[in-house]
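Number of protein chains: 2
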Amino acid sequence: MPKAVVSRLSLYLRELQRVIGSGKSTISSTQLGKMLGVTDAQVRKDFANFGQFGYPGIGYRCEELTENIREILGTKDRLWPVALVGCGNLGQALLGYAGFDDQGFKVEVAYDVSETIIGQPLGDLQVRDLRHLEVDVREKGIKLAILAVPAAAAQRVTDQLVEVGISGILNFAPVTLVVPDSVSIAEVDLAIQLEQLSFAVVKQLEKE
Amino acid sequence: MPKAVVSRLSLYLRELQRVIGSGKSTISSTQLGKMLGVTDAQVRKDFANFGQFGYPGIGYRCEELTENIREILGTKDRLWPVALVGCGNLGQALLGYAGFDDQGFKVEVAYDVSETIIGQPLGDLQVRDLRHLEVDVREKGIKLAILAVPAAAAQRVTDQLVEVGISGILNFAPVTLVVPDSVSIAEVDLAIQLEQLSFAVVKQLEKE
DNA sequence: CACTGTGAACTTGTTCACAGCA
DNA sequence: TGCTGTGAACAAGTTCACAGTG
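Residue numbers (the working numbering), protein chains in the order written: chain A, 50 to 257; chain B, 50 to 257.
Below, the structure written as structure tokens:
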């Protein structure tokens, strides 16, 4: 199965939630595809990887499809506890960021190594010493971590995360992390995103 | 040309900067490829899209290659002025985030629409009323914007950005933005990234 | 000799086109 | 009729393998 499929599933989900909000109860592959700029065949093929969710002549029932996608992504009837590691500027903002909760994720613990930050209240949490990581992770069954530490510390902290059994890391440090195959990484590098835009803009200017 | 090439260019650049920092002056496609998990042929093909940068028998000169990539991405000898739109939690953190400057981007202005935020100092800037957008963008020659407003406002603000001539938008709102073809969008949706991890983790667990 | 650059082979991912169903 | 599900055709992207070069 193409791995771009999974990221499209997330996008379908996002659109479906909007569609449901607007009161529609079914949607065709053509309509759903248009919303994110893919063909109708693509939409159907994507879902076909996981089963048969549609109704010929009708389309897809929004509520039902939503549940099916959640099931596939692993966020149905489940709230993933997440550890936030690094409570500087970015970490703090991420904690404040809404958007997570209703998608099935909840930041349960926040860590830092700086004496001045440890113990501070942050949202409805209190920043904890990274030393507690191992015990907390075991106790709370945490599998996912958000890594918002400085680049220089990223690999070292990652090694600790892997050590205590974290299986997925959302990495904000501009560094290629080395992890075992059993651990997944998602990367967000803001400079890289801006570079992509820069390239696109320069190319566009040339075209004119 | 495959469009994944451009994002790999950014990654090559990131690694090269590390390599240069460690004192190496040349690097082979094999070495560079290993750093981000691609084949040596891939590395060479990627660069071949833009010219001939390597030296048979030697490899690539790191400094030179870095400059060439910057040239391609449009960040060589140039500092892109960027507008930050939305100065809530996330917006503020993004402003504080380092990483931008030395990559050729500088947030020059920050906007909000909330009376309580407008006028507040933020880093070495002062939050401005979004109404000034048009004049500022023209005066400062701004082409790129970071959009960190609530989902509900995202499309409306985007329309304004497009209107005043912004050509690239880094979007943090969990919404598919509609823009003309001449405008580029890069998306960062944190919930989607976590969903990708959730899927990967669930799949991994099944495997065991 | 160690490496790049590149056409040709291959693999992966997308679209087409139509059978089958409500 | 309006739509899904899907094999078959096609397109895009990646790897191979080797000629060419300092």
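Ideal Cβ positions, reconstructed from N, Cα and C, are used throughout, including at glycine.
Asked                                                                                                                         : Found
Contact list for residue 72/A against chain B, beta-carbon separation under 7 Å                                               : The premise fails here: residue 72/A is roughly 17 Å from chain B at the closest Cβ pair, so nothing lies under 7 Å.
Bounding residues of the beta strand (DSSP E) (the contiguous stretch that carries residue 211/A)                             : No beta strand (DSSP E) contains residue 211/A, which is instead part of the alpha helix (DSSP H) from 200-212.
Span of the alpha helix (DSSP H), counted from its first residue to its last, around residue 232/B                            : Element bounds for residue 232/B: n/a, residue is neither H nor E.
Test item: CB-CB of residue 106/B and residue 221/B under 9 Å                                                                 : no
Simplified DSSP state of residue 195/B, which is helix, strand or coil                                                        : strand
Nonlocal neighbours in the same chain, by C-beta distance under 7 Å from residue 229/A, ignoring five residues either side    : 211
Below-9 Å beta-carbon distance, residue 189/A vs any chain B residue                                                          : no
Length of the line joining the Cα atoms of residue 118/A and residue 203/A                                                    : 32 Å
Ordered list of alpha helix (DSSP H) runs contained in the segment 145-198 of chain B, each at least 4 residues               : 182-189
Contacting residues, own chain, Cβ-Cβ under 8 Å from residue 194/A (five flanking each side not counted)                      : 131, 132, 133, 134, 210, 215, 217, 218 and 219
Against chain A: residues of the segment 78-110 of chain B by CB proximity under 9 Å                                          : 84, 85 and 86
Beta strand (DSSP E) segment containing residue 227/B, residue limits                                                         : Residue 227/B -> no beta strand (DSSP E), and no H or E assigned at all.
The segment 231-245 of chain A: positions lying closer than 9 Å to chain B by Cβ                                              : 231, 232, 233, 234, 235, 236, 237, 238, 239, 240, 241, 242, 243, 244 and 245
Residue 124/A at chain B interface by Cβ criterion, 9 Å                                                                       : yes
CB contact check: residue 58/B to chain A, cutoff 9 Å                                                                         : yes
Residues of its chain near residue 78/A, where Cβ-Cβ distance is below 6 Å and the 5 sequence neighbours each way are ignored : 89, 92 and 93
Nearest-angstrom Cβ-Cβ length linking residue 251/B and residue 213/B, presumed shorter than 8 Å                              : Contact doesn't hold; Cβ gap of about 44 Å is too wide.
Supposed close pair residue 59/B, residue 241/A - CB separation, criterion 8 Å                                                : 4 Å
Straight-line gap, residue 249/B to residue 80/A (C-alpha atoms, nearest Å)                                                   : 28 Å
Min CB distance residue 218/B to chain A below 9 Å                                                                            : yes
Any chain A beta carbon closer than 9 Å to residue 138/B                                                                      : yes
Cβ neighbour criterion (16 or more within 10 Å) applied to residue 71/B                                                       : exposed
Cutoff 6 Å; reference residue 166/A; Cβ partners in own chain excluding five residues on either side                          : 136 and 176
Residue burial classification, residue 192/B (beta-carbon count within 10 angstroms, cutoff 16)                               : buried
Opposing strand residues paired with residue 130/B [DSSP bridges]                                                             : 155/B
Chain B contact residues for residue 64/A, given Cβ-Cβ distances below 8 Å                                                    : 225
Residue 75/A - DSSP class collapsed to helix/strand/coil                                                                      : strand
Contacts of residue 163/B in chain A (Cβ-Cβ under 8 Å)                                                                        : Within 8 Å Cβ-Cβ: nothing; residue 163/B doesn't reach chain A, min ~15 Å.
Cβ neighbours of residue 109/A in the same chain (closer than 7 Å, five flanking residues each side left out)                 : 75, 76, 102 and 103
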